[in-house]
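Working notes for the structure below.
Protein chains in written order, with UniProt numbering: chain C, 1 to 307; chain D, 1 to 307.
Okay, structure coming up:
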């Protein structure tokens, strides 16, 4: 069984969408990645930090989903990272209402000995120096995937570029790819980003799907057209967790297999947005994932009569 | 060989993009549809109108591409419909600089006797009353496809709804689908539009591809990721021409076959945008189309290891 190491936030979120609002609920990139990857038979472990206010039931939830929490530091007297946001009516854009770093401000990640030999490493979205520190602690992983966002490009670009230079795959959204590369065309943007380090570039386009680039090869996975998106929070992390979870499960990091990996990522993300927060991911079954995989096939597979 | 009847504008366009500008060149919905459909072995005929200023070389070009022009009225002393537009830097939006209806203002379409029995009818984007008149002149076609736009929703909605009620397939873009249905979710929008008449709804999302809806079935065709889009003019018409051209060529109007038809539509549209106006479509070869079909396969087809 492959080992998958995940670094990222474990947090409280308070979310408002046109369909309702929540109090503080379970959130954070590592949480979504871990829950998503738990749909595959892999040995996941999270490196993160929370405060003493973090409920035991949330820790239990992660463990119940086969996410090892040895590397999840609980800071005595500390408060857990908190994010609050409000989505606009189209659900494609949102305003951040509040961000309280709390224990995340001084976080020094410690990779547990048991997972320093992880073959797969997922650097979830947080400070590039934390991501770098994790990279320094692992031994010769088979595949490192980086997720990041425009905030780090704006504020810590130099550190971010050091991480980018050391990863195999980067996942960012279309606007971020344009910002990072200075190219409007996503084909050109991906090529420039490959020159920065990653051999594979995944560009997420939200409801418009995701593109996978590698040299002159390209693959596209659509998002499943949904009647209603309820809450997009965590969709990108869930996508990343499905992507690396599938790769870790199959142990195959070929471009062909990455095609299926981003289909699985889209598949899992399509569930995530159906309810608030992690709610839907907590009840998700393998049967449901398999059925939806068939929907993705019907959505994209074709045979012409003119061959 | 199936007969394909096309009604739409045949026009002069003057186009400005970030890459350059043209004088008056050949344009119009029926022109693009006809050139696109000419990639399939079908008997196409255009119903349209031009002025005496329309060059013989353009008429010859249509005939050379197996588009019958018996139904293309040339108005003595009249001037051809003229459209001029300027694209913004992202090429997704444009300003109309000039529209001169000219001979189009009083156009009364006459379907030639030789094509009243056309099995396939493409109602290209123009006034709904012209589209209705063509529908009244054809005998029991096998499939009618309608292309329209927000201009007719804003100005002639009542007439447009009469056309919509009588067609089998409608192709519109995402914003137009939302406007027509009052639904933001494209899944819901498509369902509402099906209730207005069309059994199949094609929603075009430009660089984000196209969706085909029919009852509870859905198919997605991506746009080919291109390094550079040179001029988007006519891409939607070329898409429609490829869609109906493929259906007319195969004679099969099942949902499964429509999947391939929208892949062919996307395929042909991906060529159209590579040069100004109809320039690329004039030199396009079957080999190039087949090669790009392989690119679409590589872009979308996948096999998982977990089945």
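For each residue, glycine too, the CB sits at the ideal point set by N, CA and C.
> Between residue 260/C and chain D, is there a C-beta pair that is closer than 8 Å?
Replying inline: yes
> By Cβ distance, which residues of its chain are closer than 6 Å to residue 275/C, with the 5 residues on each side in sequence left out?
Replying inline: 230
> Which two residues bound the contiguous alpha helix (DSSP H) that contains residue 58/C?
Replying inline: 56-64
> If you measure from the beta carbon of residue 88/C to each beta carbon in chain D, is any gap under 8 Å?
Replying inline: no
> When you check each C-beta in the region 92-120 of chain D against every C-beta of chain C, which residues fall closer than 9 Å?
Replying inline: none
> So, is residue 97/D buried or exposed, given that buried needs 16 or more other C-beta atoms within 10 angstroms?
Replying inline: exposed
> If you drop the 5 nearest sequence neighbours on each side, which residues of the same chain put their C-beta closer than 7 Å to that of residue 51/C?
Replying inline: 75, 78, 79, 80, 102 and 103
> Is it the case that the Cβ atoms of residue 242/D and residue 265/D are separated by a distance below 8 Å?
Replying inline: yes
> Per DSSP, residue 143/C forms a beta bridge with which residues?
Replying inline: 120/C
> Any residues in the region 219-243 of chain C with a beta carbon nearer than 7 Å to a beta carbon of chain D? Which ones, in chain order?
Replying inline: 219, 220, 222, 225, 226, 227 and 228
> For residue 305/C versus residue 252/D, is the C-beta distance shorter than 8 Å?
Replying inline: yes
>> Which same chain residues end up closer than 6 Å to residue 73/D when comparing Cβ atoms and leaving out the 5 residues on each side of it in sequence?
In response: 49
>> Distance check for residue 43/D and residue 244/D, CA to CA, integer angstroms please.
In response: 12 Å
> Are the CB atoms of residue 131/C and residue 7/C nearer to each other than 8 Å?
Replying inline: yes
>> Give me, in chain order, the residues of the same chain whose beta-carbon lies closer than 7 Å to that of residue 94/C; leave out the 5 immediate sequence neighbours on both sides.
In response: 85, 86, 87 and 88
>> Nearest by alpha-carbon distance to residue 225/D: which of 203/C, 224/C, 255/C and 277/C is it?
In response: 203/C
> In terms of alpha-carbon separation, which member of 10/C, 279/C and 295/C lies closest to residue 125/C?
Replying inline: 10/C
> Do three or more CB pairs link the region 191-199 of chain D to the region 153-172 of chain D at distances below 8 Å?
Replying inline: yes
> On the three-state DSSP scale, how would you describe residue 216/C?
Replying inline: coil
> Quick one, are the C-beta atoms of residue 153/D and residue 176/D less than 8 Å apart?
Replying inline: yes
> Could one say the Cβ of residue 179/C lies closer than 8 Å to chain D's Cβ atoms, at least one of them?
Replying inline: no
> Applying the criterion that 16 or more other CB atoms from any shown protein chain within 10 Å of the CB defines a buried residue, is residue 19/D buried or exposed?
Replying inline: exposed
> When the distance is taken between beta carbons, is residue 283/D closer than 8 Å to residue 36/D?
Replying inline: no
> Measuring CA to CA, which of 58/C, 127/C and 143/C is closest to residue 155/C?
Replying inline: 127/C
> What do you reckon, are the CB atoms on residue 259/D and residue 212/D nearer than 8 Å?
Replying inline: yes
> Using a C-beta to C-beta distance shorter than 9 Å, which residues of chain D count as neighbours of residue 205/C?
Replying inline: 208
> Using a C-beta to C-beta distance shorter than 7 Å, which residues of chain D count as neighbours of residue 211/C?
Replying inline: 225
> Relative to chain D, which residues along the region 170-200 of chain C have a C-beta separation below 8 Å, given in chain order?
Replying inline: 184, 185, 186, 187 and 188
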